[in-house]
Amino acid sequence: MRKGQLTKIAVFASGSGSNFEAIAEQITQGKIDAEIALLVCDKPDAYAVKRAEKHHIPVFAFRSKEYSSKQEFEQVIVKKLKDAEVEFIFLAGYMRLIGETLLEAYPEKIVNIHPSLLPAFPGKDAIGQAINYKVKITGVTVHYVDAGMDTGPIIEQESVRVSNDESRETLQAKIQRVEHELYPKVVKQLVAKTVKEEEIDEKARVN
Ligand code: GRF
-18 MRKGQLTKIA VFASGSGSNF EAIAEQITQG KIDAEIALLV CDKPDAYAVK RAEKHHIPVF
42 AFRSKEYSSK QEFEQVIVKK LKDAEVEFIF LAGYMRLIGE TLLEAYPEKI VNIHPSLLPA
102 FPGKDAIGQA INYKVKITGV TVHYVDAGMD TGPIIEQESV RVSNDESRET LQAKIQRVEH
162 ELYPKVVKQL VAKTVKEEEI DEKARVN
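-18 is the number of the first residue of the sequence shown in the numbering used here; add one for each residue after it.
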């Protein structure tokens, strides 16, 4: 029975980890009933790791080349996640495609944030792609993860206006401001929804 227990989540990052920190801060402020039980990072020197240390969040940092396959390091990750009783995974700048091992261990429980209005500009450098196309509107998408590259059902989107003199840097700053509001909001909603569903299941079992 989960009553009074916080939902445990993991965040996966490869870089700066500003989205990770935005979620961690809202949790610290008591705005989300969750606990980040683990930061998974495939770049041990990434700034995201420093941010986790500051927040006293456990880290699993690894180098993919020290494993013989994606399956092998994902098996290790799954074991760490299960040991930490993680229920949800939020990708925040994790620069790898999620493989079968993780997808099968966490069906419909892996979520990603992408800096464009998907299905436009999937993959790398979505912000650069938007600038090159001279689009007038781009944005941010939060979506469930499947085996594809930035595919998977969309959960939430928010648009960002691109001005005529927009540079990569200014657009990135605008997008990140939106991300830092939107991602914690979605984390909060999904965690609350899971708790509700579990309570309904529990009630059905008791009655
Ligand atoms: C974000 O723009 C996110 O949309 C993309 O990678 C970036 C990660 O930034 N998937 P950060 O590491 O959270 O600062």
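Ideal placement from N, C-alpha and C gives every residue a C-beta, glycine not left out.
What you are looking at is a predicted structure, and each value in this text was computed from that prediction instead of being measured.
Under 7 angstroms Cβ to Cβ from residue i, same chain only, skipping five residues before and after it: list those, please.
i: I156; result: P96, I108, V121, V141
i: S144; result: none
i: M(-18); result: With a pLDDT of 42 at M(-18), under the threshold of 50, the modelled position of this residue cannot be trusted, and the question is left open.
i: T82; result: Q52, E55, Q56, V59
i: Y87; result: I70
i: F102; result: Q110, A111
Considering residue i, what are the terminal residues of the beta strand (DSSP E) in which it resides?
i: K137; result: A small correction: the amino acid at residue 137 is Glu; Lys does not occupy that position in the sequence shown. That run of the beta strand (DSSP E) goes 135 to 142.
i: N93; result: 91 to 95
i: L78; result: No beta strand (DSSP E) contains L78, which DSSP labels as neither H nor E.
i: F71; result: 69 to 72
For residue i and residue j, which I take to be in contact (beta-carbon distance under 8 angstroms), what is that distance rounded to the nearest angstrom?
i: S(-3); j: Y28; result: 5 angstroms
i: Y164; j: I94; result: 5 angstroms
i: L171; j: V92; result: 7 angstroms
i: L99; j: I135; result: 6 angstroms
i: F(-7); j: L62; result: That belief does not hold up - the Cβ atoms of F(-7) and L62 are roughly 10 angstroms apart, past 8 angstroms.
i: L(-13); j: E16; result: 4 angstroms
i: S(-1); j: H161; result: 7 angstroms
i: V176; j: I4; result: The Cβ separation is near 17 angstroms, so there is no contact.
Would you give the residue range spanned by the alpha helix (DSSP H) that residue i belongs to?
i: Y114; result: 107 to 114
i: T151; result: 149 to 187
i: T122; result: Counting along the chain, T122 falls outside any alpha helix (DSSP H), though it belongs to the beta strand (DSSP E) covering 118 to 125.
What does a CB cutoff of less than 6 angstroms around residue i pick up in its chain, not counting 5 residues either side in sequence?
i: E66; result: K(-11)
i: E139; result: G120, V121, V159, L163
i: A33; result: L20, V40
i: A42; result: C22, P25, V30
i: D200; result: The requested residue 200 is not part of the displayed model; the chain covers only -18 to 188.
Are the C-beta of residue i and some C-beta of chain D separated by less than 9 angstroms?
i: L(-13); result: Chain labels in this structure do not include chain D; a single protein chain is all it has.
In chain order, what residues of the same chain lie with their CB nearer than 8 angstroms to the CB of residue i, ignoring the 5 residues before and after it?
i: Q153; result: P96, I108
Next item on the list: Note down, one range per segment and in chain order, each alpha helix (DSSP H) of at least 4 residues found wholly within the stretch -18 to 63.
Entry: For the stretch -18 to 63, the full-length alpha helix (DSSP H) segments reaching 4 residues or more read -1 to 9, 28 to 35 along the chain.
Notebook entry, point to check: Which residues count as close to ligand 1 when the rule is a CB under 5 angstroms from any of its heavy atoms, in chain order?
Noted result: Ordered along the chain, the selected set is G(-4), S(-3), G(-2), S(-1), N0, A73, G74, I94, P96.
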